[in-house]
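FYI, the numbering for the sequence shown is -19 to -1, 1 to 190, going by mature numbering (1 follows the signal peptide of the UniProt record, and there is no 0). Glycine included, C-beta positions come from ideal geometry on N, C-alpha and C. Because the structure is a prediction, the values reported are computed rather than measured.
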Amino acid sequence: MKKTIFYSFAVCAMFSVFSCQGPASKNGDNADSTGTGINEAPPNNSDANRDVNNMPDSSKMGTTTVDDKTHTFMNDAAVGGMTEVEVSKLASERAMNPRVKGFAEMMVRDHSAANDELKTIARGKNVNLPAELGGKNADHVTDLSKKKGADFDKAYMKMMVSDHKDVVDAFEKTAKDGTDPDVKTFASQKLPTLRMHLDSAKAIEKSLK
């Protein structure tokens, strides 16, 4: 009987020691300033999740989910959109004709919104779009910047007519035969605005002659 009591006491003592020393020795550094030994709250996993969500797109990029034809359309649309915004920003500052200036301001607004929408679609499909202009598109901006007065207005509107003919044609083809549903919808939704841009550009260009 004495042995049983002694054994039970020893077991209880052993568990008491482990229960007291384990957490204290492991988390002693986390005790609060009152000395109560209460551990701090565990890290908030939402912070870690937020960090992952805020990682650069390149860190989450995988294989693109669109075919070459769709990729080419998205790339061309992005470059074309950036070009329209850049030359139109220039026109909104330099244009002498009020109609030209108003058209340029509309172009900056509409194409900036379309560019942002296209970027969102591209991110969801792991498609890298150009971040800046280069080649002939950059040259267009440079060449236009060298013109002044009425010559500037005419050159800008001529460019808008020419560019929008190509843009409308490309968007019509994608809206009709596109293979990616989201990109096809994007093209379809933008067509009415692009056609309106083309009609306005033609009318303004004609009035300048």
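Handout entry: Cβ neighbours of Ile185 in the same chain (closer than 7 Å, five flanking residues each side left out)
Key = Apart from the 5 residues on each side of it in sequence, Ile185 sits with its Cβ closer than 7 Å to the Cβ of Arg80, Val81, Phe84 and Met138 in its chain, given in chain order.
Exercise for the section: Give a yes or no on contact between the segment 157 to 164 and the segment 41 to 61, applying the rule of three or more CB pairs nearer than 8 Å. Expected result: The segment 157 to 164 makes contact with the segment 41 to 61, as at least three CB pairs between them are under 8 Å.
Exercise for the section: Provide the residue span of the alpha helix (DSSP H) that contains Val142, from first to last. Expected result: Here the alpha helix (DSSP H) through Val142 covers Gly130 to Asp158.
Exercise for the section: Report all residues from its chain with a CB closer than 8 Å to the CB of Val66; omit the five preceding and five following residues, and keep chain order. Expected result: So the qualifying residues of the chain are Met88, Val89, His92, Ser93 and Asn96.
Handout entry: Buried/exposed call for Ala72, threshold 16 Cβ in 10 Å
Key = Counting the other CB atoms within 10 Å of its CB gives Ala72 a total of 16 or more, which places it among the buried residues.
Exercise for the section: State the DSSP-derived secondary structure class of Met77, mapped to helix, strand or coil. Expected result: When secondary structure is reduced to three states using DSSP, Met77 falls in the coil class, being assigned neither helix nor strand.
Exercise for the section: Measure the C-alpha to C-alpha separation of Leu172 and Ser143 and round it to an integer number of angstroms. Expected result: Ser143 has its alpha-carbon roughly 16 Å from the corresponding atom of Leu172.
Practice task
Kindly list the residues whose CB is nearer than 7 Å to the CB of Gly159, restricted to its own chain and excluding five residues on each side of it in sequence; keep chain order.
Solution key: Spatial neighbours of Gly159 in its own chain (CB-CB distance under 7 Å, excluding positions within 5 residues in sequence) are listed in chain order as Thr51, Lys165 and Ala168.
Practice task
Please list, in chain order, all residues of the same chain as Ser126 whose beta carbon is under 7 Å from its beta carbon, the five residues on each side excluded.
Solution key: Closer than 7 Å at Cβ, skipping near neighbours: Leu71.
Practice task
Return the residue from the list Leu99, Thr174 and Leu189 that minimises the CA-CA distance to Asn109.
Solution key: The candidate whose alpha carbon is nearest that of Asn109 is Leu99.
Exercise for the section: Please classify Asp132: is it buried, with 16 or more other beta-carbons within 10 angstroms of its beta-carbon, or exposed? Expected result: Result: exposed.
Handout entry: Cβ-Cβ distance between Met77 and Gly130 below 8 Å
Key = Against a cut-off of 8 Å, the Cβ pair of Gly130 and Met77 comes out as a contact.
Exercise for the section: Could you check the C-alpha separation between Leu189 and Met141 for me, to the nearest Å? Expected result: Pairing Leu189 with Met141, the inter-Cα distance amounts to about 14 Å.
Practice task
Label Gly105 either buried or exposed according to how many other C-beta atoms from any shown protein chain fall within 10 Å of its C-beta, with 16 as the threshold for buried.
Solution key: Looking at its Cβ environment, which holds fewer than 16 other Cβ atoms inside 10 Å, Gly105 is exposed.
Practice task
Quick one: using the 10 Å Cβ neighbour count with 16 as the cut-off for buried, is Thr46 buried or exposed?
Solution key: By the neighbour-count criterion, in which a residue is buried when 16 or more other Cβ atoms sit within 10 angstroms of its Cβ, Thr46 is exposed.
Practice task
Could you say which of Ala119, Asn56, Ala58 and Ala103 lies nearest to Val68 if we only look at CA atoms?
Solution key: Of the candidates Ala119, Asn56, Ala58 and Ala103, Ala119 places its Cα closest to the Cα of Val68.
Exercise for the section: Just tell me which of Lys187, Ala103 and Glu113 has its CA closest to the CA of Asp134. Expected result: With distances taken between Cα atoms, Asp134 lies closest to Lys187.
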